[in-house]
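S.K.: Numbering (mature numbering (1 follows the signal peptide of the UniProt record, and there is no 0)), first residue to last: -19 to -1, 1 to 375.
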Amino acid sequence: MFAVLSPLRKVLRPVAALAAAGFLAACDPSMMSLPGGAGSGGPTVDPGETVKVALLVPRSDPSAASIALAIENATRLAIAEAQGARIELAVYDTGGQAGLAQSQAQRAVDEGAQIILGPLRADAVNAAGVAVRDEGVNVLGFSNNPSIAGGNVFVLGLTFEDIAGRLMSYARRQGKQNVAIVYSNDVPGQFGRTAIEQAAARSGIRVIQSEAYDLSIEGVNAAAQRTAASRGIVDTVIITPEAQNAATPMLLQLLPENGLAPGAVQYVGLSRWDVKPALFSLPGAEGSWFAVPDSNSQGSFDQRYRAAYGETPHPLASLGYDGMTAITQLLRQGRSDALTGGALTRAGSFRGATGLFRLNADGTTSRALAVASVRNQQVVIIDPAPTNLGGAGF
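(1) Would you kindly report the start and end of the unbroken beta strand (DSSP E) that includes Ser165?
(2) Measuring straight from C-alpha to C-alpha, what distance separates Thr31 and Leu320?
(3) Could you give the DSSP three-state label for Asp364: helix, strand or coil?
(4) Could you tell me if Ala51 is buried or exposed, where buried requires 16 or more neighbouring beta carbons within 10 angstroms of its beta carbon?
(5) In its own chain, which residues sit with a C-beta less than 6 Å from the C-beta of Thr368, not counting the 5 before and 5 after it?
(6) Would you identify the three-state DSSP class for Arg332, choosing helix, strand or coil?
(7) So the alpha helix (DSSP H) Gly280 belongs to, where does it begin and stop?
(8) Under three-state DSSP, which class holds Phe261?
(9) What does the alpha-carbon distance come out to for the pair Arg88 and Val26?
(10) Nearest by alpha-carbon distance to Gly173: which of Val111, Gln284, Thr221 is it?
(11) Just mark Gly265 as buried or exposed, buried being the case when its beta carbon has 16 or more other beta carbons within 10 Å.
(12) Whose C-alpha, out of Ala245, Ser150, Asp91, is nearest the C-alpha of Val218?
(13) Roughly how many angstroms lie between the CA atoms of Met149 and Leu37, to the nearest whole one?
(14) Output the distance between the C-alpha atoms of Ala46 and Glu53, rounded to the nearest integer angstrom.
(15) Give me the DSSP bridge partner(s) of Phe135.
(16) Taking contact to mean at least 3 C-beta pairs separated by less than 8 Å, is the region 298 to 311 in contact with the region 329 to 343?
(17) Using the three-state DSSP reduction, which class does Arg88 fall into: helix, strand or coil?
(18) Taking its Cβ as the centre, do 16 or more other Cβ atoms sit within 10 Å of Gln310, making it buried, or is it exposed?
(19) Here's a check: name, in chain order, each residue in its chain whose Cβ is nearer than 6 Å to the Cβ of residue 376, leaving out the five neighbours to either side.
(20) Below 8 Å, can you find three or more Cβ-Cβ pairs linking the region 132 to 141 to the region 154 to 167?
(21) Could you tell me which of Ala82, Gly76, Lys33 sits nearest to Ile60, measuring between CA atoms?
(22) What does Glu178 pair with, by DSSP beta-bridge criteria?
(23) What does the alpha-carbon distance come out to for the pair Leu340 and Ile96?
(24) Identify which residue in Leu101, Arg114, Glu69 has its Cα closest to the Cα of Ala94.
(25) Using alpha carbons as the reference points, say which of Ala79, Ala63, Val215, Gly99 lies closest to Val72.
(26) Out of Glu116, Val111, Asp115, Asn107, which one is the CA nearest neighbour of Ile129?
(27) Start and end of the beta strand (DSSP E) containing Thr346?
(28) Using three-state DSSP, classify Asp104 as helix, strand or coil.
(29) What does DSSP give as the partner residues of Tyr73 in its beta bridges?
(30) Could you give the residue range of the alpha helix (DSSP H) that holds Leu300?
(31) Start and end of the beta strand (DSSP E) containing Ala319?
(32) For Gly117, collect the residues of the same chain with a Cβ closer than 8 Å to its Cβ; drop the 5 residues on either side in sequence, then sort them by chain order.
(33) Considering only C-alpha positions, which residue in the set Thr140, Pro237, Gly131, Ala259 is nearest to Asn357?
(34) Which residues share a DSSP beta bridge with Ser21?
(35) Using the beta-carbon count (16 or more within 10 Å), is Arg114 buried or exposed?
(36) Could you tell me the distance, in whole angstroms, from the CA atom of Tyr302 to the CA atom of Ala55?
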């Protein structure tokens, strides 16, 4: 429940499903899109005629079938709500495999698809984009991995860059100047650290210390002790792991115990800590900051989805809704270039399932995020999501 604030003895392993979906194949250079920003190309359409959209989701992947169904449902909900846009949706199963995603993307275009939504994981999104690049078809993928964005590939997922930019901009406005980063010694952790460093530099905040921890109890404890050596110098400590990751409660306990008291430093999470309320009783959680979607938009979408399908949507369902919303909004404007990269990136912002979002020229997506805090073990919004998408950090 959100309010608006007016005036473990085992080896750790990452369990962040969203990060895993976003960062698969992140380090394989052969799977990267061509460098540069998103292209301006795409097919010309008659906005008064039916437009064929392909949706690529891992229907037959046991680990992601429920996500695939939720995304498909949300995509169909967006079509139902888009009066004036004529859409034919064709769904293709990727099986959660990059190779199959590639062949299904080509099949979809051969069967008349003029734009592709999906697939889910980064390697599959990239493979689909490569398959149809020469045919001038754009791919709005559900990954959050910015390394695959560009050319004919857009990533709709919420990126570390977007989150870090929002949090560092807010921190600077609150007078914060010196930050320490604690991150997992793996690909998502390294992506998170880089995003924080870049956002801090843009906001005029100095990164005093960056500490990686190995995925073990000993590794987390050692990183907490090393970070605490900067007490009296840093005014902010930001940690990268997901709320469900076993390292997060350990860090929120060990960092204060080692001398970084919440009253002396500001704790910030790169992930949403509200998804695990059990964290709120830990010393480092009280007063902490993290970014969340616009709660009004999210609540409205959840309510409409439940009314249509009888259940609460998976968090990734919103990506299908948003991708289709961008398409239908441009078609409803009567634009023959609605499916081109130029139109998608120059259209301004769209109102999606979780608030405003904008497709950027580099193939990434910017989202209007709120800043939340934990107060007396309750989540409160301390800086609402912006009502327009301006510059970095909004």
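Beta carbons: idealized from backbone N, C-alpha and C, even for Gly.
The model shown is predicted, which means the values in this text are computed figures rather than measured ones.
M.R.: The short version:
(1) Numbered from its first residue, the sequence shown carries residue 165 at position 184. From DSSP, the beta strand (DSSP E) with Ser165 extends over 159 to 165.
(2) Position 50 of the sequence shown, counted from the first residue, corresponds to residue 31. Position 339 of the sequence shown, counted from the first residue, corresponds to residue 320. The C-alpha of Leu320 is placed about 13 Å away from the C-alpha of Thr31.
(3) Locating residue 364 in the sequence shown gives position 383, where the first residue counts as 1. Strand.
(4) Start at 1 with the first residue of the sequence shown, and residue 51 comes out as number 70. When all chains shown are included, Ala51 counts as buried.
(5) Residue mapping note: residue 368 aligns to position 387 of the sequence shown, counting from 1. So the list is empty, once near-sequence residues are dropped.
(6) In the sequence shown, the residue the question calls residue 332 occupies position 351. Residue state, collapsed to three classes: strand.
(7) If you number the sequence shown from 1, residue 280 lands on position 299. Counting along the chain, the unbroken alpha helix (DSSP H) around Gly280 starts and ends at 276 to 290.
(8) In the sequence shown, the residue the question calls residue 261 occupies position 280. In this structure, Phe261 counts as helix in the three-state DSSP scheme.
(9) Within the sequence shown, the letter at position 107 stands for residue 88. Within the sequence shown, the letter at position 45 stands for residue 26. Looking at the two C-alpha atoms, the distance is approximately 20 Å.
(10) Residue numbering aside, residue 173 sits at position 192 when the sequence shown is read from its first letter. For Gly173, the closest C-alpha among the options Val111, Gln284, Thr221 is that of Thr221.
(11) Residue 265 sits at position 284 when you count from the first residue of the sequence shown. Sixteen is the threshold: when 16 or more other Cβ atoms of the shown chains lie within 10 Å of the Cβ of Gly265, as they do, the residue is buried.
(12) Mapped onto the sequence shown, residue 218 falls at position 237. Cα-wise, what sits closest to Val218 is Ala245.
(13) The count along the sequence shown starts at 1 and reaches residue 149 at position 168. The count along the sequence shown starts at 1 and reaches residue 37 at position 56. Each residue's alpha carbon lies about 35 Å from the other.
(14) Translated into positions along the sequence shown, residue 46 becomes position 65. Translated into positions along the sequence shown, residue 53 becomes position 72. So the alpha carbons of these two residues sit roughly 11 Å apart.
(15) By 1-based counting over the sequence shown, the position of residue 135 is 154. Note: Phe135 sits in a beta bridge opposite Leu121.
(16) yes
(17) One-based indexing of the sequence shown puts residue 88 at position 107. Arg88 falls in the helix class under three-state DSSP.
(18) Position 329 of the sequence shown, counted from the start, is the residue given in the question as residue 310. By the neighbour-count rule (16 or more Cβ atoms within 10 Å), Gln310 is buried.
(19) Nothing about residue 376 can be read from this structure; the chain reaches only from -19 to 375.
(20) no
(21) Here residue 60 corresponds to residue number 79 of the sequence shown, with the count starting at 1. Among Ala82, Gly76, Lys33, the Cα nearest to that of Ile60 is on Lys33.
(22) Here residue 178 refers to the residue found at position 197 of the sequence shown. Looking at the DSSP assignment, Glu178 forms no beta bridge with any residue, so it has no partner.
(23) By one-based count along the sequence shown, residue 340 stands at place 359. By one-based count along the sequence shown, residue 96 stands at place 115. Taking C-alpha positions only, Leu340 is separated from Ile96 by approximately 15 Å.
(24) Taking the sequence shown and counting its residues from 1, the one referred to as residue 94 is at position 113. Of Leu101, Arg114, Glu69, the residue nearest in Cα terms is Glu69.
(25) Walking along the sequence shown from the start, residue 72 turns up at place 91. Checked all of Ala79, Ala63, Val215, Gly99; the closest Cα to Val72 is Gly99.
(26) Position 148 of the sequence shown, counted from the first residue, corresponds to residue 129. It is Asn107 whose Cα lies nearest to the Cα of Ile129.
(27) Taking the sequence shown and counting its residues from 1, the one referred to as residue 346 is at position 365. It spans 346 to 348 - the beta strand (DSSP E) in which Thr346 sits, taken as one unbroken run.
(28) Walking along the sequence shown from the start, residue 104 turns up at place 123. Asp104 sits in a helix when the DSSP states are folded into three classes.
(29) Here residue 73 corresponds to residue number 92 of the sequence shown, with the count starting at 1. Paired residue(s): Leu37.
(30) In the sequence shown, residue 300 corresponds to position 319, counting from 1. Per DSSP, Leu300 belongs to the alpha helix (DSSP H) from 298 to 313.
(31) Mapped onto the sequence shown, residue 319 falls at position 338. Taken as a continuous stretch (DSSP letters only), Ala319 belongs to no beta strand (DSSP E), as it is neither H nor E.
(32) One-based indexing of the sequence shown puts residue 117 at position 136. Excluding positions up to five away in sequence, the list reads Gly22, Gly23, Pro24, Asn133.
(33) As a first step, residue 357 must be located in the sequence shown, where it is residue number 376. Of the listed residues, the one whose Cα sits closest to Asn357 is Ala259.
(34) The residue given as residue 21 occupies position 40 in the sequence shown. Ser21 pairs with nothing; no bridge assigned.
(35) For this step, residue 114 is matched to residue 133 along the sequence shown. The residue in question, Arg114, is buried, as its Cβ has 16 or more Cβ neighbours within 10 Å.
(36) Start at 1 with the first residue of the sequence shown, and residue 302 comes out as number 321. Start at 1 with the first residue of the sequence shown, and residue 55 comes out as number 74. In a straight line, the C-alpha of Tyr302 is about 5 Å away from that of Ala55.
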